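Colleague: In the working numbering, the protein residues as written are 98 to 389.
By construction, the Cβ of each residue, glycine as well, lies at the ideal position given by its N, Cα and C atoms.
Since this is a predicted model, take the numbers as computed values, not measurements.
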Amino acid sequence: MQSGLVIGMAVHSNPAEDSFWGVVEKGAQDAAAALGVELKSGGNSDPAVQAQLVETYISDKVDGIIVSLANPDAMRDSVTKAVEAGIPVITINSGVDVYKELGALTHVGQTEFVAGQGAGEKFNEAGATKVLCVIHEEGNIGLEERCDGLTDTFSGEVERFNVATTGTRDLAGTLAAIQDKLISDDSIDAVMTLNPDVAGAALDAIKAAGGDIMLATFDLSPAVLDALEAGDMLFAVDQQQYLQGYLPVVFLYLYNTNLNVVGGGQPVLTGPGFVTAENAAAVKDLAAAGTR
Numbered sequence: 098m099q100s101g102l103v104i105g106m107a108v109h110s111n112p113a114e115d116s117f118w119g120v121v122e123k124g125a126q127d128a129a130a131a132l133g134v135e136l137k138s139g140g141n142s143d144p145a146v147q148a149q150l151v152e153t154y155i156s157d158k159v160d161g162i163i164v165s166l167a168n169p170d171a172m173r174d175s176v177t178k179a180v181e182a183g184i185p186v187i188t189i190n191s192g193v194d195v196y197k198e199l200g201a202l203t204h205v206g207q208t209e210f211v212a213g214q215g216a217g218e219k220f221n222e223a224g225a226t227k228v229l230c231v232i233h234e235e236g237n238i239g240l241e242e243r244c245d246g247l248t249d250t251f252s253g254e255v256e257r258f259n260v261a262t263t264g265t266r267d268l269a270g271t272l273a274a275i276q277d278k279l280i281s282d283d284s285i286d287a288v289m290t291l292n293p294d295v296a297g298a299a300l301d302a303i304k305a306a307g308g309d310i311m312l313a314t315f316d317l318s319p320a321v322l323d324a325l326e327a328g329d330m331l332f333a334v335d336q337q338q339y340l341q342g343y344l345p346v347v348f349l350y351l352y353n354t355n356l357n358v359v360g361g362g363q364p365v366l367t368g369p370g371f372v373t374a375e376n377a378a379a380v381k382d383l384a385a386a387g388t389r
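#1: Helix, strand or coil for Ala-107? Go by DSSP, reduced to three states.
#2: Could you pull out every unbroken beta strand (DSSP E) segment of at least 3 residues lying fully inside the segment 122 to 188, listed in chain order?
#3: Could you name the residues of the same chain whose beta carbon sits closer than 7 Å to that of Glu-326, not counting the 5 residues immediately before and after it, in chain order?
#4: For Ile-275, which option in Val-228, Asp-157, Ser-110 has the closest C-alpha, if you only look at C-alpha atoms?
#5: Hey, quick one: how far does the alpha helix (DSSP H) through Arg-243 stretch, first residue to last?
#6: The alpha helix (DSSP H) that contains Ile-303, what's its start and end?
#7: DSSP state of Glu-326, grouped into three classes?
#8: Could you give the distance in angstroms between the alpha-carbon of Asn-111 and the alpha-carbon of Val-372?
#9: If you run the structure through DSSP and keep just helix, strand and coil, what is Asn-376?
#10: So, is Glu-241 buried or exposed, given that buried needs 16 or more other C-beta atoms within 10 angstroms?
#11: Could you work out which residue in Asp-143, Ser-116, Asp-194 is closest to Pro-364 when comparing CA atoms only?
#12: Along the chain, where does the alpha helix (DSSP H) that runs through Ile-232 open and close?
#13: Can you check whether the CB of Ile-104 is closer than 9 Å to the CB of Ala-130?
#14: Spell out the partners DSSP gives Asn-259 in its beta bridges.
#15: What residue from Lys-219, Thr-250, Ser-165 has the CA that sits closest to Ser-142's CA?
#16: Could you check which residue in Ser-252, Leu-247, Thr-265, Leu-312 has the C-alpha nearest to that of Leu-279?
#17: For my contact list, Ala-320 and Gly-297 are in at a C-beta cut-off of 8 Å; report their separation, rounded to the angstrom.
#18: Measure the alpha-carbon distance for Gly-308 versus Gly-270 and round it to whole angstroms.
#19: Can you tell me whether DSSP reads Ala-223 as helix, strand or coil?
#20: If Ala-390 and Met-172 are in contact, beta carbons under 8 Å, what's the gap, nearest whole angstrom?
This is the structure:
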């Protein structure tokens, strides 16, 4: 079955190099295959490149665009241009606070501030006193909101630590930076990473630095689930990113074929949920298959 519809997806990372975004892309691909939709997809951490990808989709006259808004100001013109051209847009992941003003049909993701609040409460329960919140992308509003939420509910101190120069592109460099930070400040007794690949680097950094330091992360990967089961990680915030790829393709298909709009003016939430040692085994096989 072929619908004849073409949908473009432009995100703020390269799905081929980032395990989180690889799951998002698989969700979009699976939905496209199920509905007979042609999916064009790409991503780049440089918002100018991401915006240009949206411009390309506009020129191609696609039937819908899926876009993440980690840097809303940089993406504003291209997204507005798409909407003005009559192309339905759905935002995903980052951008829950701005999607309406840009004219998007809806937003699919989680409220990052609320997710951060939940993380802060879990660190309180664990008895942490100082959390290092590791930011791996420059200018990503969603990452800042996670740290904001953590700061809001955590009873101790939160320090933001920027590793954007290495990020997920140079995990060895990120590992070294976190390790040096932990060695230089022995008051840090917990680390919160905002990406599963960075979590792996942080785990190695904690082991190298020594000391009794808790680790938690946003988002899942097979390695994160292994660490949870082994007791090396306290918890992971799960935003079910597979749905952030799958659902927008379905929603754009329904809009094009039946003028359906999902959400009733509110975002469609995919998280947050929390995975711990108690429930990690239940999602391991799914993560290995690339859907969690």
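Modeller: By the coordinates alone:
#1: strand
#2: 135 to 140, 161 to 165
#3: Ala-374, Ala-377, Ala-378
#4: Val-228
#5: 238 to 250
#6: 293 to 306
#7: helix
#8: 25 Å
#9: coil
#10: buried
#11: Asp-194
#12: Here Ile-232 belongs to no alpha helix (DSSP H); instead the beta strand (DSSP E) covers 227 to 232.
#13: no
#14: Ile-232
#15: Ser-165
#16: Leu-312
#17: 5 Å
#18: 21 Å
#19: helix
#20: Any answer about residue 390 is impossible in this case: the structure gives the chain only from 98 up to 389.
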